[in-house]
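Everything in the sequence shown is counted per my numbering, starting at 14 for the first residue and increasing by one. All C-beta atoms in this analysis are idealised placements derived from N, C-alpha and C, irrespective of residue type, glycine included. Since the model is a prediction, treat every value here as computed from it, not as a measurement. Just below is one structure, and these are the notes that go with it.
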Amino acid sequence: MAVVVFASLSASCFVQNPGHNVITVALLLLPWLALLVLGLGAARRQQAQVLLGCLVIASIMAAIPIGEYIESSFMDEYWRLGYGAVYEGVDPLSPGASFLDASFMSFDNTAFIDVSKGVGFMKALLLPHSLTQSCHWKNFGIEFKAAFDISS
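Here it is, written out as structure tokens:
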């Protein structure tokens with residue numbers, strides 16, 4: 014019973030993308046391996062094995078809050094962009110507030126680029142000043158820019 018409860022809690026709490034089987038297996042087996050090494054070391058009176066088991070358990074306990082911090086600080090934005098909404102055939106005159114969750118957008122045939130407001134050309138790439146926005150993500154200086162291919 015305890016094995017089933019521990020396995021289900023580990024799988025649901027610590028694995029955000031269960032498609033990675035190696036990560037899932039490691040998360041489920043590492044605590045049991047640590048307890049096995051700890052138990053065998055205690056039974057054989059081997060201090061090195063007991064110390065190794067304690068270090069593995071301590072590393073697991075330290076990894077949980079570190080992983081939660083990384084997930085809440087950095088990975089939420091990664092998953093939002095990676096698995097965000099895709100909008101195709103968007104009218105360029107529609108309000109931008111309707112597409113705040115977009116990670117990819119393609120506009121319909123009525124969209125055009127006002128070359129007079131463009132920053133410049135560089136290898137058939139135009140970066141319009143009106144659409145180039147710097148979005149500093151959590152004060153780390155990561156910028157997202159819009160770019161348009163005008164070669165076609």
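Item	Value
Evaluate contact between the stretch 69 to 87 and the stretch 44 to 59, counting only Cβ atoms and requiring at least three cross-stretch pairs below 8 Å.	yes
Of all the options 83, 81, 46 and 125, which has the alpha carbon lying nearest to the alpha carbon of residue 65?	46
Below 8 Å, how does it come out for the stretch 111 to 119 and the stretch 91 to 100: are there three or more Cβ pairs, yes or no?	yes
Using the Cα positions of residue 104 and residue 111, report the straight-line distance between them to the nearest angstrom.	11 Å
Can you name the residues that DSSP bridges to residue 88?	Residue 88 pairs with nothing; no bridge assigned.
I'd like to know whether the C-beta atoms of residue 63 and residue 55 end up nearer to each other than 8 Å.	yes
Measuring straight from C-alpha to C-alpha, what distance separates residue 88 and residue 121?	32 Å
Quick one: what's residue 118 bridged to in DSSP?	100
Give me the residue from 95, 58, 60 and 77 with the minimum Cα distance to residue 40.	77
Is residue 108 helix, strand or coil when you go by DSSP?	coil
Just the Cα atoms here: how many angstroms apart are residue 44 and residue 92?	27 Å
Measure the alpha-carbon distance for residue 86 versus residue 58 and round it to whole angstroms.	43 Å
Taking only runs of the alpha helix (DSSP H) that begin and end inside the stretch 39 to 84, which ones reach a length of at least 4 residues, in chain order?	60 to 83
Mapping DSSP to helix, strand and coil, what is residue 113?	coil
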